[in-house]
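K.L.:
Residue numbers (my numbering): 16 to 233.
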């Protein structure tokens, strides 16, 4: 089993049609500055290491950067901080990503069971996923109606529908992403695990964006 780097994972997301913000991995401060100028501000930066799963736990994420000088400075800061906290971690660079507006946060993903095949997962996302465990599962490949049922089983569905006068979120866009994950798991047997967390979901008709993705292959 091998965990793909974020840039490798994003190639799979792109091929599968999973929408993500513009981003690239920088391997020097100058390259980080160039990428930021190209994709536009504000910028989010995340350390890239196959040895670090939860980057926020080690301060490996910086958000809301508005200038090239700050991007270059934060490149150095992230690398230095990671080396201090996790000296054995392999650092492959820093992801420079266009910041996008926050939406409702959900998680979508799948794991390949050796006996039953792909198990598709949906739930409440972001940093609370491990604590709230609001998740539903289905064996893939999925139909559209199975996917809708899967979403409706969760508390996340109540939030997506809109509470206390809030506008409803784009549930159709979420269904589309889940179906794309189901499809990629059916087509690419080497993928043993895929997780998009968080997936920001916007108001009805405005789509969704996967902010982070993790792919494990065998």
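C-beta: ideal position from N, C-alpha, C; glycine also.
Note that the coordinates shown come from a computational prediction; the quantities given were computed from them, not determined experimentally.
1) Skipping 5 residues on each side, what residues in its chain have a beta carbon closer than 6 Å to that of residue 228?
2) Three or more C-beta pairs under 8 Å: does that hold for the segment 91 to 100 against the segment 115 to 124?
3) Considering only the alpha carbon of each residue, which of 233, 231, 200, 223 lies closest to residue 34?
4) Given residue 108, which residues of its chain have a CB within under 6 Å of its CB, disregarding the five upstream and five downstream residues?
5) Counting only the same chain and skipping the five closest in sequence on each side, list residues whose C-beta sits under 6 Å from that of residue 124.
6) Three-state secondary structure (DSSP) at residue 107?
7) According to the neighbour-count rule (16 or more other Cβ atoms, all chains shown, within 10 Å of its Cβ), is residue 17 buried or exposed?
8) Around the C-beta of residue 72, are 16 or more other C-beta atoms found within 10 angstroms, so that it is buried, or is it exposed?
9) Buried or exposed: where does residue 30 fall if 16 or more other Cβ atoms within 10 Å of its Cβ makes it buried?
10) Can you give the Cα-Cα distance for residue 112 and residue 51, rounded to whole angstroms?
11) Quick check on the burial criterion: 16 or more other C-beta atoms within 10 angstroms. Buried or exposed for residue 178?
12) Please say whether residue 101 and residue 58 have beta carbons closer to each other than 8 Å?
P.N.:
For this structure:
1) Position 213 of the chain shown, counting from 1, holds the residue named residue 228. 24, 28, 211, listed in sequence order.
2) no
3) In the chain shown, counting from the first residue as 1, residue 34 sits at position 19. The option with the nearest alpha carbon to residue 34 is 223.
4) Translated into the one-based positions of the chain shown, residue 108 becomes position 93. Annotation for residue 108: 40, 41, 42, 63 place their beta carbon closer than 6 Å to its own, counting only its chain and skipping 5 residues before and after.
5) One-based indexing of the chain shown puts residue 124 at position 109. Excluding positions up to five away in sequence, the list reads 136, 209, 210.
6) Counted from its first residue, the chain shown places residue 107 at position 92. Correct three-state label for residue 107: coil.
7) Taking the first residue of the chain shown as position 1, residue 17 is located at position 2. Within a 10 Å sphere around the beta-carbon of residue 17 sit fewer than 16 other beta-carbons, which makes this residue exposed.
8) Counting from one through the chain shown, the residue named residue 72 turns up at place 57. Residue 72 comes out exposed.
9) Position 15 of the chain shown, counted from the first residue, corresponds to residue 30. With fewer than 16 other Cβ atoms within 10 Å, it is exposed.
10) Here residue 112 refers to the residue found at position 97 when the chain shown is read from its first residue. Here residue 51 refers to the residue found at position 36 when the chain shown is read from its first residue. Rounded to whole angstroms, residue 112 to residue 51 spans 8 Å at the Cα level.
11) Start at 1 with the first residue of the chain shown, and residue 178 comes out as number 163. With fewer than 16 Cβ atoms within 10 Å of its Cβ, residue 178 is classed as exposed.
12) Counting from one through the chain shown, the residue named residue 58 turns up at place 43. Counting from one through the chain shown, the residue named residue 101 turns up at place 86. Not in contact: residue 58 and residue 101 (Cβ atoms no closer than 8 Å).
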